[in-house]
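In numbering that gives the first Met the number 0, the protein residues as written are 0 to 125. The structure appears below as C-alpha cells.
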Amino acid sequence: MHRGSCLCGAVRFEVNGTLPAPDACHCSQCRKQSGHFFVSTDVPRSAVTIHGADHITWFHSSEKVRRGFCNKCGSSLLWDKPEKDWIGIAMGAFDGPTNTKIHIHVHVANKGDYYDIDDGLPQRLH
Ligand SMILES: [Zn+2]
C-alpha cells in the first residue's frame with residue numbers, strides 16, 4: 000500500500016500494490032502544469048482510492064485528457080485519460096518510500112532548455 004496527498008492534505012490517496020516504474024514527461028503541457036517536467040506512475044484505476052475528491056479540480060488539457068489538481072493548494076496530482084483503465088499519479092505526491100524509479104523520459108523534443116537529461120535512461124522524442 001502506498002499513500003500520498005497534495006500539499007495541504009485536502010486530497011489523499013492510496014494505491015494498492017507496487018508502483019509501476021514512472022515516466023518523466025517533458026512536454027510543454029506537463030511542464031507548465033507542474034512547474035517542471037512531470038513524473039508520474041500509471042496505476043490501475045481499481046488499485047486507487049481517493050479521499051477528498053471534491054477538492055480535485057479537473058482541467059481538460061486536451062479533448063481526451065484531464066489533469067487533476069487540488070483546488071485548495073494547487074498540487075498537481077493526476078493525469079487522466081478516462082478511456083484508459085489506468086490513471087497517472089504524480090510521483091511527488093507520494094509519502095514515504097515509493098520503491099520505484101523513473102524508467103524513461105518522454106516528449107524530450109519539447110523539453111526546456113534550462114536543464115540537461117544526463118541520467119542515461121532511454122529518451123523518446125514524442
Ligand atoms: Zn491541497
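No residue lacks a Cβ here, since even glycine has one placed at the ideal position from N, Cα and C. Computed from a predicted structure; not experimentally measured.
A buried status is given to Thr40, since no fewer than 16 other beta-carbon atoms sit within 10 Å of its beta-carbon. Of all residues, those with a beta-carbon under 6 angstroms from at least one heavy atom of ligand 1 are Cys5, Leu6, Cys7, Ala9, Val10, Cys69, Lys71, Cys72, Ser74, reported in chain order. Only residues of its own chain outside the window of five on either side were considered, and among them Gly3, Ser4, Cys5, Ser74, Leu76 have a CB closer than 7 angstroms to the CB of Ala92, listed in chain order. Put simply, of His106, Lys100, Trp57, His125 the residue whose alpha carbon is nearest the alpha carbon of Asp118 is Lys100. Judged by DSSP secondary structure, Cys24 falls within the beta strand (DSSP E) whose first and last residues are 22-24. Note that the C-beta distance between Cys24 and Phe12 is not below 8 angstroms. Here Val64 carries a coil assignment [DSSP, helix/strand/coil]. Less than 8 angstroms separates the beta-carbon of Arg65 from that of Asp79. Per DSSP, Ser39 lies in no alpha helix (DSSP H); the unbroken beta strand (DSSP E) holding it starts and ends at 37-43.
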